Each structure stands twice: as structure tokens, then as C-alpha cells.
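First comes the structure, then the notes that go with it.
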Amino acid sequence: MGCCYSKIEREEMVSRCKARRRYMKQFVKARQALSASHSMYLRSLRSTGSALLQFATAETSLHHHHHVQHHLPPLLPSPPRQHRAPPQPPPPPMSPTSDTWTTSTTASTALPPPPPPPPPQSSWDFWDPFMPSSARSITEEEWEVTTIESEVAVPTTVGVGMANETVPSSSVVTGFSKENPSELAMVVSTKNKDLIEIIRELDEYFLKAADAGAQLSLLLEVPTCSFSDQKSPAKIYGYGKGLSPLLWSRVSSPKLNGFGKFSDEVVGGNEVGGVAMTGSHCSTVERLYAWEKKLYMDVKNAETLKMDHEKRAAQLRKLEMKRADYVKTEKTKKEVDKLESRIMVASQAIETTSAEIIKLRESELYPQLVELVKGLICMWRSTYECHQVQTHIVQQLKYLDAISSLEPTSEIHRQSTLQLELEVQQWHLSFGKLVKAQQDYIQSLTGWLRLSVFQFSNNQLSKTRQDSAIYTLCDEWHLAVDRVPDKVASEGIKSFLTAIHAIVDQQAEEQKQKKKSESACKELEKKAVELRSLESKYGSYSTTGALSSTRIKNSIAEKRAKVETLRAKAEDEKANHEKSVSVTRAMTLNNLQMGLPHVFQAMTGFANACMRAFELVYNRAKSTDDVLDVKRLLP
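Just so it is clear: in the sequence shown, position 534 is 2016 by this note's numbering, and no numbers are missing.
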């Protein structure tokens, strides 16, 4: 039995069907992994933006506290209303405003800072790039609108960053023009921003980038869930204690933003993008796997029958040659005829199963794959535009100056930094998983298609048309996935993670230095109390001269010397701590100024490459469909 089973498994059709079944099993798992990794990546975008905002809020609070301490009169923290200086006139256009911590030193030192304003609306007046130009209006006088050719601002080479030069106190935001896709509409903001305003803008576009994947989430059947329904990484590692609940309250709602959305999409029932869908992608893939398992068993059964038939037919020939017993010969002949009938039934089962697979492949799977490619185009186009805007936003960081603040890093700020490190790490991991899942998805699908373009007909393995539209689509898709610069993007996120980790280490060093300073101060205080107690008990021998004990004199002198030594040490440790605080503040701003532009340039290049690659896949698949339609019409 073992030898017979092994021989059957080695048969070409059986081994081919076994490979098909294996590829389809991998495809089922790859589809699940792609759906999960897609959802995880969108969540990581939201979480990274939120954690970055939480971090910037904690950092900015230190600067604002420093601003208050250094701009209030030492003995008059709340001056009477009548003693306040008259309000300053508004600044002239194209000059930095004086209401942020970066330029607050120009204000009168006799004035306390005004109370913080409510969170402003986005100062980036980035309109829907697909809105008609007649509907656009720029109302603020400090905004200037221009258009430039896309070759100037759009990276045309993979891995090449955006043109990042901007004039001081201004930022440039771009968007595609609907009327002329070769042009970019640019909005120039001349408002000077502080750190929290810049990061708040980045957070908005992290959310927009996450929303850009909503169309694909529907196609991949990603369930809608909130962060509160899941065990957050912060709870696992103990980070984020006392942080704002905003970090874990964002819901992965399948809403679309204004970037590259399908304006005519119909989501509901079995229609997506106006194209009729004959079933969910998950259902189609599961049914294909079920049919592939059945096909394998059908072919294996047919091959077993063929082997039995050959064996019985050989016995029958021998009996007939020997003119053996008639009854025995007839019995063998009936067995041979019975096996031939069973082989015909098995062949018909193979034909039926193969036809069902082809039907599912052509009528359900192929339209779904086309919609997935369209969803990928939509997602990466929107993501590209969002990261492109973020690339311009972070250019404002280079106009910020670090303040030599002596405010130490608070515990809430340290926790927010650890949280940011964790979320950027999750962003890096989820990006890698998304790339890997898509590679596995198309690899397993292409592997299955290479074998499934064959069908069984009259017990023969015959080839269907080589120019199958689904095979062309997936082959191009496979090539596209191999071409995109995912390593550049991954390294960009990793470099930002390294920058955040350096801040974490510096904060830990500051905390260590703080403990040393506190320890030295406590030791000084302890010895100073002992000295005061001794002097109070025996008096000051240097002024009274009444002390007769040399031992007491020496003891007091020793303690005084010890106190002076400890005082010098405490002052040194305090100075070291203050220096460490200044280093932390400077490093924080410097690492943001260096790390953020790099990561967004890398992600912009990656998203742009993905968008163009999938557009090419879709266009070539469409061309193949057109050619096949023409061939069907020809006699």
C-alpha cells in the first residue's frame, strides 16, 4: 500500500494538483495576513500621530513653563490691571508673530504671557485637490497661491526626496489640480508656528493617510474596531501611564478623505466602485481552496483507478494468451470494464471540478483582484499626497530654536517619549509586515495561477490560453511589488526610531543625574543640620573663644570642612543636572528636525512608487482585457 501510494503521489497530475492545493492554502493564509497587516498599518499611522502629538504637548509645556518663569517680574507675579503696558500693534505681513515660544523674548519682560488660545483650526489651508477651482477661496491676507509644474515638486525618481527649500517663516503645501493633473496647486503659509502647532498638523495628515486605506479595508473585509477593544502594546509594556485617553480612543472608521477618493463609489451589497461584485473576496478564496482540495482528491482517485485498470488489464491479457479458465477470464474482464466505467465517472468529476474553479477564477476572483489594484492605487495616491504635505510641514521645524530651559523632564513627558518610541517601533514593524504580507499574497496567487491555467480534458493535461487576463494582472502585480523601494522606506522609519531612542536614553541620563543631584543635596542638608546642632550646643569657638576642648574645636572644624566639600559637590551635581536638562531640550528639537524630514521623504518616495507601479499594473491589465475582447469578436 505504501509503495502504491507513493507511486500515485509521484504521478504528474497528482503532484501538480497537490502543488495547486498547497499554493491555494498559502493564498488563503496570505489573504488573512494581508487583511490583518493592512489594518495594523492603518492603526499604527493613527497611533504614531497621536503619540507624537502627546510627546510634543509634553515638550511644549516645559517651554511654556520656562516662558512664564522668565517673563514674570520676580516680586510681582500678577501685576495690577492699571500697570499693564498697552497692547502691542499687530506685526506687519511676512514677519514672524510674537505669540509663540520661539519669538517670545521680543515681548516686554514686564508682561505675563497671554493665556493659551483654544486649539486653532488648521492653518494649512489645504483644499480638496479635486474641488473645482471656482469653489476655492483663500480669505487670509498672509496666504499666497501659486501653481508649478509637477516635475519641479514631485519626486520622479524612486528614493529621491522632495524639494525641501522654503523661505523663513513660511511653508509650502501642494496638491494635485483636477483640471490639470500635471500641475500642483501650492499654498504658501507665512504664519510662524511653534512645535505643538507643527506636530498637530502632522497628526491631522497621519489621520488622513490612515483614512486613505478605508476603500481597501472594505475590499479586504477588515473589521471595524476601536483601540479600546484591543490590548494595547502600552499596557503590555507599562508605558503611557497617565497619558491622554486620546491615544487609545481613535476608531478605525472606514471614512474616506478628500485625497484621491472614488467619487462614484457605491459600497453596499455587492457593488464596489460601481462594479458588480459576485461575492466577497474571502468567500471566493475559501471556495477556491475547497474546490482545489476536491480536485486533488478527484485526480488522486482517478490515478488510483488507472493504476488498478492497468494492473487488471495486464492480468486479462495474460489469461487470454494462456487460454485460461473461461470463468476466471470473464470475471477479470468484468472487473476491467467496471474500472473503465469508474474512470469515466472520475474524469467527469475532474472536468466538473476544474470548470467550477475556472468559473470562480474568471468571474469572481479576477474582478475582485482588479478592484484590489484600484484600491491600492487610491490608497497609495492619497498616502503619497499626505506624506508629501507632511514633508513640507516639517520644514518649519528648522526655524525653531531650542530654549536653554532648566525645566527638567517630567515623568509624564518621559512616559510620552517611551510611548512614542513604542508606537514608532510598531509603525516600523507593521510596515514590514504589510510589505511581507503583500509579497506573500501575490507570490502564492501567482504560483497557483501558473498551475491553474492548465485544465483536465479527456484525461489529458491541456493548456488554456496563455494570455489569460488574470495571469497577466498578477504577473505584473508580482513585478510591481518587487520594484517598490520598501527597504528605503523601512530604513526611514527606523532612522526616526533611532532618533527617538536617543532622546529616551538622554532623558534616562538626565533622570540619573537628577537623582545624583538630589542625593548630594540630601547629604549636604544632613551634614549641615549636624553642624548647626553642634554649633548650637557648644557655640562658635571662633567668636567666643570660650571653648576649652580642642577635641570639640577639631570636630566642628572637620564638620565645617565636610559641609563645604559637600556643598561644592552638590553645586557641581546641580550644575551637571542643569546641563543635562539643556542637552535633553536641545537634543529633542535637533532629533525632530533631523529625523522627521527624513522619514517623510522616504515614505513619500515609497508611496509615489507604489501609486505609479499599481497604475501601470491596472493599465496593462486593462489593455489585455481590450485585446482579448477584440479576439473574441474575431471569427
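Backbone N, C-alpha and C define an ideal beta-carbon position, used for all residues, glycine too. If you're wondering where the values come from, they're calculated on a predicted model, not measured in any experiment.
Considering just the uninterrupted stretch of the alpha helix (DSSP H) at residue i, what are its terminal residues?
{"i": "N1674", "result": "Element bounds for N1674: n/a, residue is neither H nor E."}
{"i": "V1917", "result": "E1893 to S1934"}
{"i": "R1824", "result": "Y1808 to L1842"}
{"i": "R1965", "result": "A1951 to R1965"}
{"i": "V1781", "result": "H1763 to K1804"}
{"i": "R2014", "result": "D1968 to Y2020"}
{"i": "L1882", "result": "Here L1882 belongs to no alpha helix (DSSP H), and DSSP marks it neither H nor E."}
{"i": "R1863", "result": "Y1848 to I1875"}
{"i": "A1696", "result": "A1696 to L1701"}
Nearest to residue i by CA position, among the options, is which residue?
{"i": "Q1869", "options": "S2018, F2088 and R1502", "result": "Note that residue 1869 is His in the sequence shown, not Gln. Closest by alpha carbon: F2088."}
{"i": "I1875", "options": "K1793, Q2075 and Q1830", "result": "Q2075"}
{"i": "H1910", "options": "M1495, Q1514 and R1525", "result": "R1525"}
{"i": "L2078", "options": "L1677, E1491, R1492 and V1496", "result": "L1677"}
{"i": "L1900", "options": "A1831, S1845, A1696 and T1530", "result": "T1530"}
{"i": "L1701", "options": "I1490, S1934 and Q1514", "result": "Q1514"}
{"i": "K1500", "options": "L1879, Y1866 and L1777", "result": "L1777"}
{"i": "H2080", "options": "I1825, A1971 and K1996", "result": "A1971"}
{"i": "R1824", "options": "L1787, I1840, L1842 and R1799", "result": "L1787"}
{"i": "S2037", "options": "Y2020, H1983 and Q1508", "result": "Y2020"}
{"i": "E1867", "options": "Q2083, N1783, V1855 and M1803", "result": "Q2083"}
{"i": "V1852", "options": "A1796, E2097 and K1489", "result": "E2097"}
{"i": "P1890", "options": "G1695, V1510, E1493 and K2056", "result": "K2056"}
{"i": "N2101", "options": "M2085, W1959, V1827 and A1533", "result": "W1959"}
{"i": "E1491", "options": "Q1508, M1506, A1784 and L1516", "result": "A1784"}
{"i": "K1782", "options": "T2086, M1826 and E1493", "result": "E1493"}
{"i": "A1696", "options": "K1856, M1803 and E2000", "result": "K1856"}
{"i": "L2006", "options": "L1801, Q1921 and R2049", "result": "R2049"}
{"i": "V1935", "options": "R1504, S1836, E2040 and E1792", "result": "S1836"}
{"i": "I2118", "options": "S1950, R1805 and M2085", "result": "No answer is possible for residue 2118: it lies beyond the span of the chain, which begins at 1483 and ends at 2117."}
{"i": "E1768", "options": "S2015, R1503 and K1489", "result": "R1503"}
{"i": "R1498", "options": "L1933, V1966, D2054 and I2034", "result": "L1933"}
{"i": "E1703", "options": "Q1850, A1795, D1987 and K1969", "result": "Q1850"}
{"i": "S1912", "options": "D1968, Q1925 and K1880", "result": "D1968"}
So, using beta-carbon positions, are residue i and residue j closer together than 9 angstroms?
{"i": "L1858", "j": "I1952", "result": "no"}
{"i": "M1522", "j": "L1698", "result": "no"}
{"i": "F1688", "j": "L1931", "result": "no"}
{"i": "D1685", "j": "L1535", "result": "yes"}
{"i": "A2052", "j": "A2002", "result": "yes"}
{"i": "C1956", "j": "L1927", "result": "yes"}
{"i": "T2047", "j": "E1992", "result": "no"}
{"i": "S1519", "j": "L1904", "result": "no"}
{"i": "D1780", "j": "I1832", "result": "yes"}
{"i": "Y1771", "j": "V1510", "result": "yes"}
{"i": "L1854", "j": "H1763", "result": "yes"}
{"i": "K1690", "j": "S1864", "result": "yes"}
{"i": "Q1508", "j": "G1914", "result": "no"}
{"i": "T1954", "j": "T1766", "result": "no"}
{"i": "H1895", "j": "S1532", "result": "no"}
{"i": "I1975", "j": "M2085", "result": "yes"}
{"i": "K1998", "j": "V2045", "result": "no"}
{"i": "K1793", "j": "L1801", "result": "no"}
Under 8 angstroms by Cβ, that's how I've got residue i and residue j pegged, so tell me the actual separation to the nearest angstrom.
{"i": "L1888", "j": "V2063", "result": "6 angstroms"}
{"i": "I1985", "j": "N2073", "result": "6 angstroms"}
{"i": "E1541", "j": "T2070", "result": "6 angstroms"}
{"i": "A1962", "j": "A2103", "result": "Contact flag wrong, Cβ pair sits at about 11 angstroms."}
{"i": "I1680", "j": "Q1872", "result": "Contact doesn't hold; Cβ gap of about 10 angstroms is too wide."}
{"i": "L1902", "j": "I1982", "result": "6 angstroms"}
{"i": "F1537", "j": "S1892", "result": "Not quite, the Cβ-Cβ distance comes to about 12 angstroms (not below 8 angstroms), so this is no contact."}
{"i": "L1842", "j": "V1818", "result": "Not confirmed; about 36 angstroms, so no contact."}
{"i": "M1506", "j": "E1774", "result": "4 angstroms"}
{"i": "A2091", "j": "V1906", "result": "Not quite, the Cβ-Cβ distance comes to about 22 angstroms (not below 8 angstroms), so this is no contact."}
{"i": "A1919", "j": "A1512", "result": "7 angstroms"}
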